[in-house]
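With this note's numbering applied, the sequence shown covers 116 to 285. Backbone N, C-alpha and C define an ideal beta-carbon position, used for all residues, glycine too.
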Amino acid sequence: MKSYFVFFSLITLFLAGCGKSEKDQFEEANRLVQEKKYSAAISSFENIAKEFPTSDFAAKAFYEIAKIYQAGIVPGVDETASQEKAVEFYQKVFVNYPKFESAPSALFMSGFIQANNLGKYNEATITYQKFLQTFPNNELADDAKVELDNMGLSPEEIIAKHQTQFTIKK
Numbered sequence: 116m117k118s119y120f121v122f123f124s125l126i127t128l129f130l131a132g133c134g135k136s137e138k139d140q141f142e143e144a145n146r147l148v149q150e151k152k153y154s155a156a157i158s159s160f161e162n163i164a165k166e167f168p169t170s171d172f173a174a175k176a177f178y179e180i181a182k183i184y185q186a187g188i189v190p191g192v193d194e195t196a197s198q199e200k201a202v203e204f205y206q207k208v209f210v211n212y213p214k215f216e217s218a219p220s221a222l223f224m225s226g227f228i229q230a231n232n233l234g235k236y237n238e239a240t241i242t243y244q245k246f247l248q249t250f251p252n253n254e255l256a257d258d259a260k261v262e263l264d265n266m267g268l269s270p271e272e273i274i275a276k277h278q279t280q281f282t283i284k285k
């Protein structure tokens, strides 16, 4: 009986060692991105998050998926759907991995895409306000304030607004 236990223990250890680590899988997914196999890369990144949900690589995987969608380079996904998926994955980073080093930029990018790419100003306002409340001293805080101040304005309106402010301050 003891020999069966040892045998099965060895088999279990052997099979456990056969799987790729999250680091290896992450490198493989990045290789797929370099090869412009974006759909396959997204699947690989999603698999990392599924297999290793508490790993830093899961947060990195969601962040990479968001960047791919933001770039609008996934075959068969139209621009609007792609931007919405980018927001979805950036928000997954912030919600599921708030301590991840890129969580602040993920939340900021959610607001940026909502405002500038999707024209969803109400959602963007909420996102930027959440960013400023959660990360008031982050290097992107001033950018979030500028985005809130200029949201929905055309470039001409922004210039006119700043010229008026400059004239008033003189």
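Whole-Å CB distance - residue i paired with residue j, under 8 Å assumed
i: SER158; j: PRO190; result: Their Cβ separation, rounded to whole angstroms, is 13 Å, which puts SER158 and PRO190 out of contact at 8 Å.
i: GLN140; j: ILE163; result: 5 Å
i: ALA176; j: ALA144; result: 7 Å
Under 8 Å between C-beta atoms of residue i and residue j
i: PHE172; j: LYS151; result: no
i: PHE246; j: ALA259; result: yes
i: VAL208; j: SER197; result: no
i: ALA156; j: TYR184; result: no
i: LEU255; j: PRO213; result: no
i: SER225; j: GLN248; result: no
Among the options, nearest to residue i - alpha-carbon criterion
i: GLY234; options: MET266, GLU161 and ALA174; result: MET266
i: ALA181; options: GLU143, ILE228, HIS277 and THR240; result: ILE228
i: GLU262; options: THR242, ALA275, THR249 and THR195; result: THR242
i: GLU238; options: PHE215, ALA156 and LEU222; result: LEU222
i: VAL210; options: ALA174, GLU254 and GLU271; result: ALA174
i: PRO168; options: ASN252, PHE215 and MET224; result: PHE215
i: GLU166; options: MET224, TYR178, ALA275 and LYS135; result: LYS135
i: GLU179; options: ASN253, GLU161 and ASP193; result: GLU161
i: ALA240; options: ASP264, ASN253, PRO251 and ASP257; result: Note on residue identity: the sequence assigns Thr, not Ala, to residue 240. Nearest option by C-alpha distance: ASP264.
i: GLU199; options: SER170, ILE188 and ASN232; result: ASN232
I'd like the ranges of any alpha helix (DSSP H) spanning at least 4 consecutive residues and lying wholly in the segment 228–280.
236–249 and 256–265
Beta strand (DSSP E) runs wholly inside the segment 126–202, at least 3 long, in chain order
none
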